[in-house]
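A short write-up of the structure that comes next.
Residue numbers (the UniProt record's numbering): 1 to 482.
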């Protein structure tokens with residue numbers, strides 16, 4: 001049946017005719033009928049036109065299928081948790097391996113310094129370059145994916161994204177044991193290019209996975225968001241375990257990166273199994289906004305521009321963007337330069353383990369805690385502007401981190417020299433990052449009808465990547481201002 005596409009100021013009201021029997025469709029009530037029980041179904045535009053921005057683009061009763069498949073053992077939900085881990089895995093594993101990168105770009109004419117107090121130019125600017133190389137190309141990949149994803153099947157592009165991520169991570173791992181001391185600048189450029197390509201494919205994959213999560217019940221989206229935080233915590237713990245072996249930086253990094261590849265392959269296998277799950281197939285092919293067995297999305301030919309959706313969820317998109325912009329501006333680029341106030345003592349705690357524990361581990365643990373707390377104490381859509389203002393308030397973290405004991409520095413004095421001050425600052429910074437990002441993502445998925453949730457997922461992903469890009473470029477400037 002051919003039906004016109006309705007604009008945002010029109011409601012589509014199903015009018016069903018079957019002789020003298022005309023069922024009345026009320027909001028939230030679905031008649032227990034099937035397509036075969038009616039001879040014709042037509043769509044008519046409502047006589048009244050309401051210009052309210054809050055009106056849904058299409059008013060369609062929710063479907064209640066007779067038999068909804070069960071997510072046995074929460075398999076699909078746990079797979080989305082694992083996918084969240086994997087989506088952040090390349091970034092987390094490459095940045096957490098700071099000990100390895102500091103070794104690769106050390107001053108080769110001097111003994112290796114585990115305290116990292118006298119950093120070379122390459123060491124000082126490495127993570128700023130990582131931030132830009134991972135965020136800007138990823139942003140381009142997300143926007144291109146939004147424009148061209150419809151030309152490639154969803155399953156195909158997600159599986160292809162997995163394969164390309166595994167391939168490029170394997171290439172990065174291959175250079176771990178190669179001696180690059182004689183061509184450090186060339187290796188620096190090559191590393192930045194590889195990180196750029198790797199994160200571009202991850203972002204492409206991320207857009208597809210977030211789109212799928214948007215089609216699931218809302219707690220599945222939260223499971224994905226929790227998984228992203230778990231991925232950071234997992235990377236930090238594994239890095240510390242590798243360092244506890246007192247092995248040289250390259251051996252620890254090799255074991256570390258091989259573990260990441262194994263997790264990627266395991267996640268791909270679970271994803272393939274999930275595609276054939278009855279519960280997953282039902283959620284993807286039976287969106288809640290369709291009238292079961294009467295009208296399908298393809299029948300309605302629903303078209304909603306991104307601009308109209310953005311007008312609906314702009315507070316959530318702005319919050320997600322700014323949360324990531326502030327976080328990327330100082331972590332890891334500035335935070336990785338902070339050293340313990342007692343670094344000269346020669347202790348392993350204040351030297352080699354200070355950054356992995358008080359930096360990466362603390363941030364990822366706080367981020368995860370914030371996301372979990374949000375699931376129990378959420379700020380719903382009525383508090384969307386509260387989330388936005390709390391997000392803006394996080395700007396204060398930028399000057400505070402710059403006043404910590406970060407080296408090298410040329411202009412600003414060290415004001416917060418205490419390790420306790422840095423730890424307290426990192427704790428609040430990490431918790432607010434996890435809580436506010438989770439709140440904005442959950443609010444966005446609840447503010448739109450289910451048939452618009454996949455597109456909303458892509459929009460929120462684009463907002464996050466835009467924030468990461470802004471923060472990445474800002475981090476380079478902040479390092480120069482130290």
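For each residue, glycine too, the CB sits at the ideal point set by N, CA and C.
A quick note: this is a predicted structure, and the numbers were derived from the prediction, not measured.
Using 8 Å for Cβ pairs, my map puts residue 254 next to residue 176. What's the rounded Cβ distance? As a working mapping, residue 254 is identified with position 254 in the chain shown. As a working mapping, residue 176 is identified with position 176 in the chain shown. Confirmed, Cβ separation roughly 5 Å.
Local Cβ density within 10 Å of residue 367, reported as buried at 16 or more and exposed below that: Position 367 of the chain shown, counted from the start, is the residue given in the question as residue 367. Classification of residue 367: buried, given that the 10 Å Cβ count is 16 or more.
Is residue 336 closer than 8 Å to residue 257 when the C-beta atoms are compared? Stepping through the chain shown from its first residue, residue 257 is reached at position 257. Stepping through the chain shown from its first residue, residue 336 is reached at position 336. No. Outside cutoff.
Buried or exposed (CB count within 10 angstroms, at least 16 for buried), residue 477: Looking up residue 477 in the chain shown gives position 477. That one is exposed.
Check whether the Cβ atoms of residue 105 and residue 126 sit closer than 8 Å, and answer yes or no. Walking along the chain shown from the start, residue 105 turns up at place 105. Walking along the chain shown from the start, residue 126 turns up at place 126. In this structure, residue 105 sits near residue 126, with a CB-CB distance shorter than 8 Å.
Suppose only complete runs of 4+ residues qualify. What are the alpha helix (DSSP H) ranges in the region 72-146, listed by chain order? 75-87, 89-96 and 98-104
Quick one: using the 10 Å Cβ neighbour count with 16 as the cut-off for buried, is residue 247 buried or exposed? Locating residue 247 in the chain shown gives position 247, where the first residue counts as 1. Residue environment for residue 247: exposed (fewer than 16 other C-beta atoms within 10 angstroms of its C-beta).
State the DSSP-derived secondary structure class of residue 406, mapped to helix, strand or coil. Translated into positions along the chain shown, residue 406 becomes position 406. Strand, per DSSP.
Quick one: which unbroken beta strand (DSSP E) runs of 3-plus residues sit fully inside the region 176-240? Chain order, please. none
Please look up how many angstroms separate the CB atoms of residue 464 and residue 320, rounded, as I've assumed it's under 8 Å. Taking the chain shown and counting its residues from 1, the one referred to as residue 464 is at position 464. Taking the chain shown and counting its residues from 1, the one referred to as residue 320 is at position 320. That pair is a contact at about 5 Å.
Any chance the region 432-444 sits against the region 179-192, with 3 or more Cβ pairs inside 8 Å? no
Touching or not, the region 152-170 and the region 367-378, by the rule of three or more beta carbon pairs under 8 Å? no
Quick check: the Cα distance between residue 151 and residue 427, rounded to an integer number of angstroms? If you number the chain shown from 1, residue 151 lands on position 151. If you number the chain shown from 1, residue 427 lands on position 427. If you take the alpha carbons of residue 151 and residue 427, they lie about 44 Å apart.
Can you pull the DSSP bridge partners for residue 338? Position 338 of the chain shown, counted from the first residue, corresponds to residue 338. The partner list for residue 338 (beta bridge, DSSP) reads 406.
Spatial neighbours of residue 411 within its chain, please: CB distance less than 7 Å, with the 5 preceding and 5 following residues excluded, ordered by chain position. The residue labelled residue 411 in the question sits at position 411 within the chain shown. Correct list, in chain order: 481 and 482.
Boundaries (first-last residue) of the alpha helix (DSSP H) holding residue 442: Counting from one through the chain shown, the residue named residue 442 turns up at place 442. That run of the alpha helix (DSSP H) goes 419-447.
So, at 6 Å on beta carbons, what are the nonlocal neighbours of residue 430 in its own chain, with the 5 sequence-adjacent residues on each side left out? Numbered from 1 along the chain shown, position 430 holds the residue referred to as residue 430. So the list reads 363, 366 and 367, once near-sequence residues are dropped.
DSSP state of residue 33, grouped into three classes? Locating residue 33 in the chain shown gives position 33, where the first residue counts as 1. In this prediction, residue 33 has a pLDDT of 43, which is less than 50 and means its spatial position is unreliable; nothing more can be read from the coordinates.
Which residue's Cα is closest to the Cα of residue 240: 473, 100 and 462? Reading the chain shown from its first residue, position 240 is the one you call residue 240. That would be 100, whose Cα lies nearest to the Cα of residue 240.
So with Cβ pairs under 8 Å, would you call residue 235 a contact of chain D? Chain labels in this structure do not include chain D; a single protein chain is all it has.
What residues match up with residue 416 in a beta bridge as DSSP calls it? As a working mapping, residue 416 is identified with position 416 in the chain shown. Beta-bridge pairing links residue 416 to 404.
Boundaries of the alpha helix (DSSP H) in which residue 350 is found, first to last residue: Working through the chain shown from its first residue, we reach residue 350 at position 350. Neither: residue 350 is in no alpha helix (DSSP H) and is coded neither H nor E.
Unbroken alpha helix (DSSP H) run spanning residue 375, endpoints: As a position in the chain shown, residue 375 is number 375, starting the count at 1. From DSSP, the alpha helix (DSSP H) with residue 375 extends over 362-376.
Is it buried or exposed, residue 72, if we count other Cβ atoms within 10 angstroms and call 16 or more buried? One-based indexing of the chain shown puts residue 72 at position 72. With fewer than 16 other Cβ atoms within 10 Å, it is exposed.
Mind checking residue 462: buried by the 16 CB within 10 Å criterion, or exposed? The residue given as residue 462 occupies position 462 in the chain shown. Answer is buried; the Cβ neighbour count reaches 16.
When the Cβ atoms of the region 444-458 are set against those of the region 385-403, are three or more pairs found closer than 8 Å? no
Let me know the secondary structure DSSP gives residue 248 once reduced to three states. Taking the chain shown and counting its residues from 1, one reaches residue 248 at position 248. Coil.
Short of 6 Å in beta carbon distance, which residues of its chain neighbour residue 84, apart from the five on each side in sequence? Order them along the chain. As a working mapping, residue 84 is identified with position 84 in the chain shown. Within the same chain, residue 84 has close Cβ partners 224, 227 and 228.
6 Å CB neighbourhood of residue 419 in its chain, flanking five on each side removed: Taking the first residue of the chain shown as 1, we reach residue 419 at position 419. Excluding sequence neighbours, residue 419 sits near 340 and 341.
Would residue 112 be called buried (16 or more neighbouring beta carbons within 10 Å of its own) or exposed? Stepping through the chain shown from its first residue, residue 112 is reached at position 112. Around the Cβ of residue 112, a 10 Å sphere holds fewer than 16 other Cβ atoms; the residue is exposed.
Quick check: residue 265 and residue 166, are their CB atoms within less than 8 Å of each other? Indexing the chain shown from 1 puts residue 265 at position 265. Indexing the chain shown from 1 puts residue 166 at position 166. Contact flag set, yes.
Thinking just about the alpha-carbon of each residue, which of 328, 284 and 334 is nearest to the one in residue 216? Taking the first residue of the chain shown as 1, we reach residue 216 at position 216. The residue with the shortest Cα to Cα distance from residue 216 is 284.
Do the CB positions of residue 395 and residue 334 come within less than 8 Å of each other? Along the chain shown, one-based indexing puts residue 395 at 395. Along the chain shown, one-based indexing puts residue 334 at 334. No, Cβ-Cβ distance for residue 395 and residue 334 is not below 8 Å.
Please state whether DSSP places residue 153 in a helix, a strand or coil. By one-based count along the chain shown, residue 153 stands at place 153. DSSP places residue 153 in coil when its eight states are reduced to three.
Apply the 10 Å Cβ neighbour rule to residue 307 and answer buried if 16 or more other Cβ atoms are within range, or exposed otherwise. Against the chain shown, residue 307 aligns to sequence position 307. With fewer than 16 Cβ atoms within 10 Å of its Cβ, residue 307 is classed as exposed.
Separation of residue 75 from residue 219, as counted between CA atoms: Taking the first residue of the chain shown as position 1, residue 219 is located at position 219. Taking the first residue of the chain shown as position 1, residue 75 is located at position 75. Linking residue 219 to residue 75 through their CA atoms gives a straight-line distance of about 13 Å.
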